[in-house]
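Our numbering numbers the first residue of the sequence shown as 434 and each following residue consecutively.
Virtual Cβ for every residue (Gly too), placed ideally from N, Cα, C.
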Amino acid sequence: MKIKSEKDFWSGLMFIAIGVGFAWGASNYSFGSAARPGPAYFPFGLGVILAVLGLFVLFKGLTLDVPGGDKIGGWPFKPWLIILGAVVIFGLALPRLGMIITLPLLIAISSFASGEFRWKEVLINVVVLTLGCWLVFIKGLGLTIPVWPSFLT
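Laid out in structure tokens, this is it:
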């Protein structure tokens, strides 16, 4: 069988692998019942849905002709490393610097991974996402994430 769209073929395989991985990982927890779902219920369901979606995308990549084969292209290692570095810095800095400093730092560093970097858009993202995270995680869910740097509290 010939691959007719590389992008669809490989993304379908990726969806299947991640979906099966989540469903398999969730099987280590209690499922519960439909009336009282356990901790495995939601991730198992999402994993199965993702794997089924991956099957459809994979099927499309094998059956539908695309001009030029829809090649994948080069691997963007520099953006991957920038984003990975930003996430590592976020994880290491959050307990010491708090969410108010660490989240804008994550957003600013991650934005350098794009070729379309603009300071105005980054600042808007910083304000909206930091405020949104504070509302959801601190006010809404009541999580004990440090908001301010440890040297200020």
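Contact belief for residue i with residue j at Cβ below 8 Å, rounded distance in angstroms
i	j	result
I542	I522	7 Å
I540	V520	Between V520 and I540 the Cβ distance is about 11 Å, and since that is not below 8 Å, they are no contact.
Given residue i as reference, the closest of the options once Cα atoms are compared
i	options	result
V485	R529, L446 and A467	L446
G531	V453, T563 and M434	T563
F477	L488, N461 and R469	N461
I375	R551, S466 and G494	A query on residue 375 cannot be resolved here, the shown segment of the chain reaching from 434 to 586 and no further.
K440	G458, P472, T496 and S466	T496
P472	W513, A456 and V560	A456
L517	F545, P500 and F475	F545
Any C-beta of chain B under 8 Å from that of residue i
i	result
R469	Protein chains in the displayed structure number just one, and chain B is not present.
Cα-Cα separation, residue i to residue j
i	j	result
I515	P509	10 Å
P537	L574	21 Å
I533	W513	24 Å
L527	P500	47 Å
Paired residues, beta bridge with residue i - DSSP
i	result
P470	G465
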